[in-house]
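Under our numbering, the residues of the sequence shown are numbered 90 to 307, in order.
Note that the Cβ used here is the ideal one computed from N, Cα and C, for glycine as well.
Predicted, not measured: the structure shown is a model, and the values here were computed from it.
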Amino acid sequence: MSDRSTINNIQNLRTSYKKEKLKITDLSNNPIEQFKNWLEHAINSEALEPTAMSLATANNSAHPSLRTVLLKGITDKGFVFYTNYESRKGNEINDNNKVALCFLWKELERQVTIRGKAEKISKDKSEQYFSSRPRGHQISAWASTQSAEIPNRQWMIDREEKITSRFDSGKIPYPEFWGGFNVNPEEIEFWQGRENRFHDRVLYKIVDKKWIKLRLSP
Ligand SMILES: Cc1cc2nc3c(=O)[nH]c(=O)nc-3n(C[C@H](O)[C@H](O)[C@H](O)COP(=O)(O)O)c2cc1C
Numbered sequence: 090m091s092d093r094s095t096i097n098n099i100q101n102l103r104t105s106y107k108k109e110k111l112k113i114t115d116l117s118n119n120p121i122e123q124f125k126n127w128l129e130h131a132i133n134s135e136a137l138e139p140t141a142m143s144l145a146t147a148n149n150s151a152h153p154s155l156r157t158v159l160l161k162g163i164t165d166k167g168f169v170f171y172t173n174y175e176s177r178k179g180n181e182i183n184d185n186n187k188v189a190l191c192f193l194w195k196e197l198e199r200q201v202t203i204r205g206k207a208e209k210i211s212k213d214k215s216e217q218y219f220s221s222r223p224r225g226h227q228i229s230a231w232a233s234t235q236s237a238e239i240p241n242r243q244w245m246i247d248r249e250e251k252i253t254s255r256f257d258s259g260k261i262p263y264p265e266f267w268g269g270f271n272v273n274p275e276e277i278e279f280w281q282g283r284e285n286r287f288h289d290r291v292l293y294k295i296v297d298k299k300w301i302k303l304r305l306s307p
């Protein structure tokens with residue numbers, strides 16, 4: 090049996106961040122363009138799951154909840170992900186559309202955090218994306234009652250089988266309870282790890298309808 094000495098020593102686990110520097114004047118004046126630069130770099134560096142982001146929502150009592158979702162599009166209006174509209178996150182966004190996102194690219198010692206408001210994208214766009222998904226993913230969207238309690242795994246497998254035979258080999262229709270949200274950013278922060286915890290942080294926020302950049306203390 091493990092004596093848990095590794096776990097008991099986590100206070101001594103430390104990484105020194107030395108890869109890059111962040112100069113405010115090198116960053117684009119548009120944070121969405123800057124985000125694209127960093128994401129492109131993360132994808133090209135073969136960072137694991139470069140589009141994975143934490144999504145924080147909060148319910149009516151301001152109690153937050155958090156989970157990972159995948160970024161599926163970036164537009165001038167913001168950051169798009171897809172989910173079940175009746176899931177916990179879907180319901181919380183329905184009650185309170187203020188959300189936050191966090192990308193962590195560990196391999197690059199980089200983090201991007203975003204605060205903004207989420208809104209459903211058009212049904213047409215969700216339908217278009219749904220039809221581009223692999224058939225197995227489409228069936229799973231129909232079969233999942235995401236975030237609801239289920240009796241056991243077999244219940245889900247039975248449901249998947251029923252749905253598979255219901256649609257036979259034909260086109261799988263778009264389920265209206267599933268689709269995209271766009272997060273319209275109000276603040277975007279770029280973080281680059283530096284030595285001795287003297288990290289670089291640049292925050293973009295909107296002042297008089299324009300993005301401005303400022304440096305934050307680590
Ligand atoms: C790497 C990764 C990617 C994920 N991508 C998505 C996604 O794009 N959409 C989604 O609804 N759930 C995704 N999930 C599952 C969510 O983290 C979460 O378990 C699920 O959406 C239910 O969340 P909720 O009960 O808070 O609504 C992903 C999980 C992981 C670990």
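- About 6 Å separates the Cβ atoms of residue 144 and residue 190, confirming a contact at the 8 Å cut-off.
- Within its own chain, the residues whose Cβ lies closer than 8 Å to the Cβ of residue 239, once the five positions on either side in sequence are excluded, are 245, listed in chain order.
- Contact holds between the segment 169-184 and the segment 253-271, because three or more Cβ pairs, one in each stretch, are under 8 Å apart.
- Using a cutoff of 7 Å, the CB of residue 221 does not count as near ligand 1, since none of the ligand's heavy atoms is closer than that.
- In this model, residue 186 and residue 205 are separated by some 8 Å (Cα to Cα).
- Within the same chain, 204 and 294 come within 6 Å of residue 276 by CB-CB distance, once the 5 residues on both sides are set aside.
- Proximity of the segment 225-238 to the segment 249-256 meets the contact definition, three or more beta-carbon pairs being nearer than 8 Å.
- Within the same chain, 193 and 280 come within 6 Å of residue 200 by CB-CB distance, once the 5 residues on both sides are set aside.
- Taking 7 Å as the cut-off, the C-beta of residue 254 does not count as close to any heavy atom of ligand 1.
- Contact annotation, residue 157 with residue 141: C-beta distance approximately 5 Å; criterion of less than 8 Å satisfied.
- In this structure, 260 is the residue among 260, 130 and 235 with its C-alpha nearest to the C-alpha of residue 220.
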